[in-house]
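Read in order, the letters of the sequence shown are residues 1 to 421 in the working numbering. We put the CB at the ideal spot given by N, CA and C, even for glycine. Heads up, the thing below is written out as structure tokens.
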Amino acid sequence: MKVRMAILMALVAMLAVNHYAWSADTLQDVRSRGVLIVGVRDDAPPFGFINRDTGETVGVDIDLATAIAKRLDVKLRLKTVTSTSWIPELLDGNVDLVAATVTATPDRGKLADFSQPYFRMSQRVLAKTGTVSTIKALEGKKVGVGPGSAAEREIKAQVPGAVCYFFTDSRKATEALQKGEVDALSASGSNLYGCLSGLPKGEYEIPEAVKLSEEGYRMAVRRGDARLLEFVNATLTELNGNDGLRKILDRWFQGKGNEQGTIAASRSVQSAGVVTRVAQTNKRFLVLPISGRFRPAAEVSIFDPSGNLVGHGKVSGIYEEETYIDAGDVGNGVIQPGFVVAMNISDDEVNKVIASHKGVIDQIRIDAKAEEERITREAGNEFERAKKEREQYQTDITKTKMMLDYQYSDQYYGYYGYPFR
1 MKVRMAILMA
11 LVAMLAVNHY
21 AWSADTLQDV
31 RSRGVLIVGV
41 RDDAPPFGFI
51 NRDTGETVGV
61 DIDLATAIAK
71 RLDVKLRLKT
81 VTSTSWIPEL
91 LDGNVDLVAA
101 TVTATPDRGK
111 LADFSQPYFR
121 MSQRVLAKTG
131 TVSTIKALEG
141 KKVGVGPGSA
151 AEREIKAQVP
161 GAVCYFFTDS
171 RKATEALQKG
181 EVDALSASGS
191 NLYGCLSGLP
201 KGEYEIPEAV
211 KLSEEGYRMA
221 VRRGDARLLE
231 FVNATLTELN
241 GNDGLRKILD
251 RWFQGKGNEQ
261 GTIAASRSVQ
271 SAGVVTRVAQ
281 TNKRFLVLPI
291 SGRFRPAAEV
301 SIFDPSGNLV
311 GHGKVSGIYE
321 EETYIDAGDV
331 GNGVIQPGFV
341 VAMNISDDEV
351 NKVIASHKGV
361 IDQIRIDAKA
371 EEERITREAG
381 NEFERAKKER
391 EQYQTDITKT
401 KMMLDYQYSD
411 QYYGYYGYPF
421 R
């Protein structure tokens, strides 16, 4: 009897927790608690990503969550979620609200309710240049998508012959595309442009004519959480009406927040970095920031390790900790590891930056030289190995030929009575 009672009490407790997760008045709970807990992503720039200077999660979604918390007059607490974990985190009551580049799908609608869209974009395709000109060109192709995403739904509906491969990490998806493990990637245009910025220039594209659907990013609450959803929608409507939403988008995007925009480059922010290696794409370089934070599409100046200006370029993209610079007026082979890239820093100030980071710059040059020597050494060893293999092959062929000649001569002459001597 005691065991049965214990089981019954446990079931009642579980039902109580489940009832809370689904139908509690979250808005009132947040106000009583004084804290709004919002699930955000830290791997989806410019909507949510980690600021390398401060270590804080920033972006469009975080600014919107801040506005909602301010309107509620409560503190904001952020909790990192992923494309696959935000629903469990929401249903388990670990977060009150999700602002994490979420799109509404029929399946998700069974578990959560969604706000009005705050950012509209198209579901697009990223592939090697010239390989996908229409949606039907994806028939029989391997397409990387996020699990349970709108892209997965549209691919399966519009291109039944395509095979979906699932990725929760945009870096791994991009690497799979480069390795040929998938033929294309499909996601929102803003996400794909982030991936494209880290790929060799000109080799990959997002075809303008290929659009699977028009979607919108929305916030999510637990299903039936009507009062919180009403408050979120009212806040978004207010922000849209007083141009607050546009200001937030313009802060993180250039080009009025459209999906092809790039993160705005503040003319007042200074940043410097050191070239660590030459990318595979012609005149593109990977840069390690040593001061401040670069902004995509920002104009930069390029200096040699002695502080001499060698030319100018542009930030082609930032992919997590990697910053890519495209050189504009600099000849091929000029820029090497150890060169300095500056954003909004005068030529005179660059010399101070070089002096204060001389140890880092020198070490990068030493490491680059050592790597070059290693590659040259390994290439030489490979050449010698291949040479020995060729020589051994020729020796084996000669021996085999001599053996065959011997056997043939012995049999031939022996047949006529003249044994081979």
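Query	Result
For the alpha helix (DSSP H) that contains S32, what are its first and last residues?	26–33
Reducing DSSP to helix, strand and coil, say where F231 ends up.	helix
Tell me whether S213 sits in a helix, a strand or coil according to DSSP, three-state version.	strand
May I ask you to report which of helix, strand or coil DSSP gives K401?	helix
Between which two residues does the alpha helix (DSSP H) harbouring T84 extend?	T84 -> no alpha helix (DSSP H), and no H or E assigned at all.
Which same chain residues end up closer than 8 angstroms to E154 when comparing Cβ atoms and leaving out the 5 residues on each side of it in sequence?	Q123, S186, L212, S213
Taking the alpha helix (DSSP H) that L177 falls in, what are its first and last residues?	170–179
Could you tell me if G313 is buried or exposed, where buried requires 16 or more neighbouring beta carbons within 10 angstroms of its beta carbon?	buried
Anyone know if the C-beta pair for I335 and F294 falls short of 8 angstroms?	no
Just to confirm my understanding: we take F114, look at its own chain, exclude 5 residues before and 5 after, and list those with CB closer than 6 angstroms. What are they?	A104, R218, A220
Can you tell me the Cβ-Cβ gap for I206 and L126, rounded? I've got them flagged as a contact below 8 angstroms.	5 angstroms
Pull up the distance between the alpha-carbon of L245 and that of D42, whole angstroms please.	20 angstroms
Helix or strand or just coil, what does DSSP make of K352?	helix
Closer than 8 angstroms is the cut-off here; do at least three beta carbon pairs connect the region 162–177 with the region 141–151?	yes
Would you say L239 and A355 are within 8 angstroms of each other, going by their C-beta atoms?	no
Who are the Cβ neighbours of E152 in its own chain at under 6 angstroms, not counting the five residues just before and after it?	V145, C164
Here's the rule I'm using: 16 or more other beta-carbon atoms within 10 Å means buried, otherwise exposed. How should R385 be labelled?	exposed
Alpha carbon to alpha carbon, how far is F167 from E56? Give it in angstroms, no decimals.	25 angstroms
Less than 8 angstroms between the beta carbons of D63 and I248, yes or no?	yes
Within 10 Å of its beta-carbon, does D243 have 16 or more other beta-carbons around it, so buried, or fewer, so exposed?	exposed
Measuring only the C-alpha atoms, how far is K179 from K172?	10 angstroms
Can you give me the C-alpha to C-alpha distance between G311 and F303, rounded to a whole angstrom?	7 angstroms
Could you give the DSSP three-state label for T57: helix, strand or coil?	strand
Going by the DSSP bridge assignment, what does I325 pair with across the sheet?	F285, V315
Rounded to the nearest angstrom, what separates K75 and A69 at their Cα positions?	6 angstroms
Quick one: measure Cβ to Cβ for V40 and A100, integer angstroms, because I've assumed they're closer than 8 angstroms.	5 angstroms
Tell me the rounded alpha-carbon separation between I397 and E373.	36 angstroms
Going by DSSP in three states, Q270 sits in which element: helix, strand or coil?	coil
Looking at S301 and S271, is the spacing between their C-beta atoms short of 8 angstroms?	no
For K401, which residues of its own chain have a beta-carbon under 7 angstroms away from its beta-carbon, when the five flanking residues on both sides are left out?	none
Give a yes or no on whether the C-beta atoms belonging to G273 and V287 are separated by under 8 angstroms.	yes
What does the Cβ neighbour count give for P289, buried or exposed, with the cut at 16 atoms within 10 Å?	buried
When DSSP labels each residue in this structure, what does D347 get in the three-state scheme?	helix
Based on DSSP bridge pairs, tell me the residues matched to K136.	Beta-bridge pairing links K136 to no other residue.
What's the C-alpha gap between D29 and A368?	57 angstroms
I need the straight-line Cα distance from L78 to S85, nearest angstrom please.	14 angstroms
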